[in-house]
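Participant:
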Ligand code: IMP
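Residue numbers (this note's numbering): 2 to 440.
1. Would you call the segment 290 to 303 in contact with the segment 325 to 332, where contact means no fewer than 3 C-beta pairs closer than 8 Å?
2. Please report the straight-line C-alpha distance between residue 24 and residue 140, rounded to a whole angstrom.
3. Would you decide whether residue 311 is buried or exposed? Buried here means 16 or more other CB atoms lie within 10 Å of its CB.
4. Taking C-alpha atoms, which residue in 417, 154, 27 lies nearest to residue 321?
5. Measuring only the C-alpha atoms, how far is residue 193 from residue 324?
6. Please give me, in chain order, every unbroken run of the beta strand (DSSP E) with length at least 3 that falls completely inside the segment 78 to 137.
7. For the ligand IMP, I want to know if residue 46 counts as a neighbour, meaning its beta carbon is within less than 7 Å of at least one of the ligand's heavy atoms.
8. Opposite residue 363 in the DSSP bridges: which residues?
9. Among residues of its own chain, excluding the 5 on either side of residue 289, which ones have a beta-carbon nearer than 6 Å to its beta-carbon?
10. Bridge partners for residue 61 per DSSP, in chain order?
11. Residue 113 and residue 221: beta carbons closer than 8 Å?
12. Taking the alpha helix (DSSP H) that residue 331 falls in, what are its first and last residues?
13. What are the partner residues of residue 391, as DSSP defines its beta bridges?
14. To the nearest angstrom, how far is it from the Cα of residue 78 to the Cα of residue 72?
15. Please work out which residues of its chain come closer than 7 Å, Cβ to Cβ, to residue 246, disregarding the five sequence neighbours upstream and downstream, and give them in chain order.
16. Is the segment 370 to 377 close to the segment 409 to 417, with three or more CB pairs under 8 Å?
17. Would you report the Cα separation of residue 137 and residue 306, rounded to the nearest angstrom?
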């Protein structure tokens, strides 16, 4: 049970997963941080340093991209599982920064020996391939995520964390650099580029290997044993379900299964142990990068939401595209992720808007539909069908009980729950832990 100072409680079971139901940036870090108190193990299982989780603790803001937000609880074991693609420099920088701010990191952090490693050539490939010859670019975070996952699936040019400690690592780097040069040099990368300097890369990554050695283990075995022993495990999804490579708005997606569909694959924990899925949504919608966004408000309303919500990327600082809540999309991702309950974040951002719109259906080629189209070109053509609800003028960041919210805010939440056919269990009205309403 998590208990806030207002003494309201959330029922938790093991294992619980927290999944973003939009295009990422749903403020999952705050929810994970809150729920962590009642868990023994917190797991990141997909994505990499493309994720950015902001956690505010005792007035201090922490931005994490690889280390699970559970790291702030000394008795919690944080696991970076096999499905994550790891930039070792970013990981080590994050560890150093947390330590310099008084956070203890030792045997409370585990890194899977099966996780794939991001190398300089992946960053180069991401940059080159992101320059789209025609049409709309995906607009990746340029963190090498897609190229690393591509090599994982392709197998021949992939290196996992465990490989760093085995003999033959040096020869493997040399062979991969040769193969990568055949691809990258014709695309304009200099043969003398640091991203193709096998000797320097070997030295650099040998250094990283020594630094991460204390954290590396077989996390699949660790998590299987933990699940079998019914230890309290919290699984922290990265990005959002609409960015899922199989079920999202392909090709404008990330390269992993960021919906609930990816939990078992990325962590190794069988589905039968996942007892609860908490879906996290913003009270509105945002998106970074390219791709269709039916409820986008590229106008003063969108700008107001961006300003009030500080909607700029945690990782890239790109301004996020902003729009109304899309209940068609979220109903789809809630079903896809097997969501049991919803946490609505950033409700306070909507204060002062005179009226609010919720997309309840789409019009596609003259026909009203309530399912989420599978093809991106259909999604480009849909026109949102809106319901308009009254807004509220007062600020709500101080509110701690549902009944103390303005009537219009309660009506807005009720309508969301009705449309999503899912209970709302938590509402966030500000960045701090205490600015949370447990329903
Ligand atoms: P990639 O994951 O860097 O390959 O980027 C692919 C798409 O996913 C781009 O549109 C990114 O902006 C988006 N994306 C990746 N990670 C996140 C995230 O954590 N939050 C929001 N969008 C993300």
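Where is the CB? At the ideal position from N, CA and C, for every residue including glycine.
Facilitator: Judging by the given coordinates:
1. Yes, the segment 290 to 303 touches the segment 325 to 332.
2. So the two alpha carbons sit approximately 13 Å from each other.
3. The residue is exposed, with fewer than 16 neighbouring Cβ atoms inside 10 Å.
4. Of the listed residues, the one whose Cα sits closest to residue 321 is 27.
5. Looking at the two C-alpha atoms, the distance is approximately 45 Å.
6. Here the runs fully enclosed are 78 to 81, 110 to 113.
7. The nearest non-hydrogen atom of the ligand IMP is 7 Å or more from the C-beta of residue 46.
8. Partner(s): 370, 385.
9. 314, 319, 321.
10. Bridge partners of residue 61: 58.
11. Pairing residue 113 with residue 221 gives a Cβ-Cβ distance under 8 Å.
12. Start and end: 328 to 337.
13. Bridge partners of residue 391: 356.
14. The straight-line gap separating the alpha-carbon atoms of residue 78 and residue 72 is approximately 7 Å.
15. If we look at residue 246 and ignore the five residues flanking it on each side, its Cβ neighbours are 254, 255, 256, 257, 258.
16. Too few Cβ pairs lie closer than 8 Å, so no.
17. Inter-residue distance for residue 137 and residue 306 is about 24 Å (C-alpha atoms, whole angstroms).
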